[in-house]
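Numbering (the working numbering), first residue to last: 5 to 291. C-beta: ideal position from N, C-alpha, C; glycine also. Heads up: the structure comes next, in structure tokens.
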């Protein structure tokens, strides 16, 4: 398995998917959660069919070791792991995709290294970095109350605010999982079934630790210096972060634009791979 050595001498794991002989530049893909094993990204709906995907396991997830210093789980520190991966791969500039909390990490990387990304793809991002938490995710969730899974999911969402036992949290996350998908069919059920075992509580808890208001403002200021095109993908059935958050994230960049997808939840490559994959490919190939 390939590893790279990062700034504090830790060896972190990454996967390489797709054809080694592809003429297309690789795409580095950052998982969310936060603190979820990157395996849930799969091949992002077939994006690995024509180009290589470089998928790192962030500290304490997948095959990467836990951080010796818990402060290094904070996403501004994780951004420096991404920079170490770039140097290891020998990429002067590269395209970067982040999903969910991975989109926050991608923003932190772009703010710290605005000259490196050629294109940014931010998939279903939250807007905590922008200091706004829109209410439309709740509205999307409520609009689906006629669906069979909804009563149990609604109870689970409430119980998650009080749960602390890890096994209980995993059970509740599975009960609430349908709110994250555009529909609740077999592909969605199979994808959701992996979440509990893939979550890593310590990296998850440390993701926002130490990110104070001056740090947040400095990151936002850094985004204004990012000159590359930015595509923000949202889903109109995303009951996790909604759609308005993506609009706020896109507005933080000079060249950000939003592309909403219909009947799509928090995992567009699971719900509608034939919409998601061509959209991302067209954006990456555009001159």
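Since residue i and residue j are thought to touch, with beta carbons under 8 Å apart, how far apart are those beta carbons, to the nearest angstrom?
i           : j           : result
residue 79  : residue 90  : 16 Å between Cβ atoms; not a contact.
residue 59  : residue 42  : 5 Å
residue 93  : residue 284 : At roughly 20 Å, the Cβ-Cβ gap does not stay under 8 Å, so residue 93 and residue 284 are not in contact.
residue 1   : residue 121 : As shown, the chain starts at 5 and ends at 291. That puts residue 1 outside it, with no answer to give.
residue 256 : residue 227 : 5 Å
residue 250 : residue 262 : 5 Å
Alpha carbon to alpha carbon, how far is residue j from residue i? Give it in angstroms, no decimals.
i           : j           : result
residue 176 : residue 163 : 7 Å
residue 48  : residue 225 : 30 Å
residue 34  : residue 157 : 27 Å
residue 65  : residue 102 : 16 Å
residue 229 : residue 266 : 31 Å
residue 30  : residue 57  : 6 Å
residue 260 : residue 287 : 12 Å
residue 252 : residue 128 : 12 Å
residue 131 : residue 36  : 14 Å
residue 27  : residue 280 : 21 Å
residue 115 : residue 150 : 42 Å
residue 146 : residue 244 : 12 Å
residue 222 : residue 190 : 43 Å
residue 292 : residue 215 : Any question about residue 292 goes unanswered here, given that the chain covers just 5 to 291.
residue 264 : residue 272 : 10 Å
residue 14  : residue 192 : 35 Å
residue 159 : residue 24  : 47 Å
residue 148 : residue 104 : 22 Å
residue 277 : residue 165 : 32 Å
residue 289 : residue 53  : 14 Å
Can residue i and residue j be called in contact, C-beta distance under 8 Å?
i           : j           : result
residue 55  : residue 106 : no
residue 100 : residue 124 : yes
residue 113 : residue 83  : yes
residue 237 : residue 254 : no
residue 135 : residue 9   : no
residue 111 : residue 95  : no
residue 38  : residue 207 : yes
residue 200 : residue 178 : yes
Bridge partners for residue i per DSSP, in chain order?
i           : result
residue 9   : 15
residue 58  : 20, 32
residue 98  : 121
residue 127 : 103, 237
residue 261 : 235
residue 228 : DSSP, once it has assigned bridges, lists no residue as partnering residue 228.
residue 267 : Bridge partners of residue 267: none, in fact.
Which residues in the same chain have their Cβ closer than 7 Å to the Cβ of residue i, if we skip the five residues on either side of it in sequence?
i           : result
residue 248 : 138, 140
residue 246 : 138, 140, 141, 144
residue 68  : 16, 17, 61, 62
residue 20  : 6, 56, 58
By Cβ distance below 6 Å, which residues in the same chain neighbour residue i in space, the five residues on each side in sequence not counted?
i           : result
residue 269 : 184, 185, 186, 239, 241, 242, 275
residue 40  : 202, 203
residue 6   : 18
residue 161 : 180
residue 182 : 153, 157, 188
residue 309 : With the chain represented from 5 up to 291, any question about residue 309 goes unanswered, as that position is not in the structure.
residue 196 : 181
Report all residues from its chain with a CB closer than 8 Å to the CB of residue i; omit the five preceding and five following residues, and keep chain order.
i           : result
residue 213 : 74, 75, 77, 78
residue 198 : 43, 44
residue 167 : 173, 176
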